[in-house]
Structures are given as structure tokens and as C-alpha cells.
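K.L.:
Encoded as C-alpha cells, here's the structure I'll be asking about.
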Amino acid sequence: MRRYAYRCTVCRTTSPVVHHIEDLAAESEGHRLTLHGGHIPDAEAAGQVDRLGRWYASLGPLIGLHARIADGLSDLRDPKGTGHPFWASAAATLVLGSAAALVLGVISAAL
Ligand SMILES: [Zn+2]
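To convert, count from 1 in the sequence shown and add 23; that's the numbering used here.
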């Protein structure tokens, strides 16, 4: 389940999380029309967020990958919820650690 949010830097507000890109467009358009007379605020942002409300675009590659894995695992039990249960975050860390150990093992075996 994907999650999207719209951020208006003029009003310093972030929209509620929506699950479809069409709802995000309606949210941003509604905000612009209602509060800014249809003008587009400078430096507004819209995009995909993780279950913790963090922008994927602002996360580093490793943290972003961890968030995507933890989001996928969390969505198995609660597709429209927010937050990560401890087990999902721990499992994502374990997956990334195992992958790193596997790569190091293969490299060290090849050398
Ligand atoms: Zn605004």
C-alpha cells in the first residue's frame, strides 16, 4: 500500500496521508484553490511517504531501503495502518544485515 502526502511550505502544513496518487492531486489542488486562490506555493512538495510519515525522497539509500522493507512487512498485517511494529523493523534490519554478510562472504570467497 503506497502512501502520499502534500506539503505546503507557505502554510507550513502537511496533508493527511492518502493512498492513491489521484487523491494526492485532489488534495494539493484543493489546498491551492482554497487557501492560495489557485496559485502554486513556492517550494511545495508532494510525494510518497513511509508508514512513519517520512518522505522517501529525503531518506538516504540504506534508510530508504530499510523503510521500504519494513513498510512491506508491516503492510502484510495492517495494509492501511501507520508506524512499524518492532518485529517488522527488526526483520528489515536482519534482511539488510544478511544481504551485507552474504555479499562480504561471496567477495571474500572470490579473493
Ligand atoms: Zn498553503
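By construction, the Cβ of each residue, glycine as well, lies at the ideal position given by its N, Cα and C atoms.
Just so you know, these numbers come straight off a predicted model, no measurement behind them.
Classify V126 as helix, strand or coil using the three-state DSSP reduction.
P.N.:
As a first step, residue 126 must be located in the sequence shown, where it is residue number 103. If DSSP states are grouped into helix, strand and coil, V126 belongs with the helices.
K.L.:
Under 8 Å: do the region 75–93 and the region 110–129 share three or more Cβ pairs, one atom per stretch?
P.N.:
Short answer: they touch.
K.L.:
Quick check on this structure: which residue in R30, C31, V41, Y29 has the alpha carbon closest to the alpha carbon of K103?
P.N.:
Taking the first residue of the sequence shown as position 1, residue 103 is located at position 80. Checked all of R30, C31, V41, Y29; the closest Cα to K103 is V41.
K.L.:
Along the chain, where does the alpha helix (DSSP H) that runs through A48 open and close?
P.N.:
For this step, residue 48 is matched to residue 25 along the sequence shown. Note, A48: alpha helix (DSSP H), 44–59.
K.L.:
Just the Cα atoms here: how many angstroms apart are L28 and L96?
P.N.:
Here residue 28 refers to the residue found at position 5 of the sequence shown. Here residue 96 refers to the residue found at position 73 of the sequence shown. Rather than Leu, the amino acid found at residue 28 in this sequence is Ala. Cα-Cα distance, rounded: 21 Å.
K.L.:
Within 10 angstroms of the Cβ of A132, are there 16 or more other Cβ atoms? Answer buried if so, exposed if not.
P.N.:
The sequence position of residue 132 within the sequence shown is 109, counting from 1. When all chains shown are included, A132 counts as exposed.
K.L.:
If you measure from the CB of H43, is any heavy atom of ligand 3 nearer than 7 Å?
P.N.:
With respect to ligand 3, the structure offers nothing, as its ligand set consists of ligand 1.
K.L.:
Identify every residue that forms a DSSP beta bridge with V72.
P.N.:
Counted from its first residue, the sequence shown places residue 72 at position 49. V72 is bridged to R26, W78.
K.L.:
For a test of your reading of the model: does the CB of L62 fall under 7 Å from any non-hydrogen atom of ligand 1? Yes or no.
P.N.:
For the purposes of this step, residue 62 is taken as residue 39 along the sequence shown, with counting starting at 1. Sequence check: residue 62 is His here, not Leu. Not under cutoff, so the answer is no.
K.L.:
Here's the rule: buried if 16 or more other CB atoms are within 10 angstroms of the residue's CB, otherwise exposed. What is L134?
P.N.:
Sequence index remark: in the sequence shown, residue 134 carries index 111 (1-based). By the neighbour-count rule (16 or more Cβ atoms within 10 Å), L134 is not buried but exposed.
K.L.:
Measure from the alpha carbon of H43 to the alpha carbon of each residue in L119, I130, A69, then state which is nearest.
P.N.:
In the sequence shown, counting from the first residue as 1, residue 43 sits at position 20. Measuring from the Cα of H43, the nearest candidate turns out to be A69.
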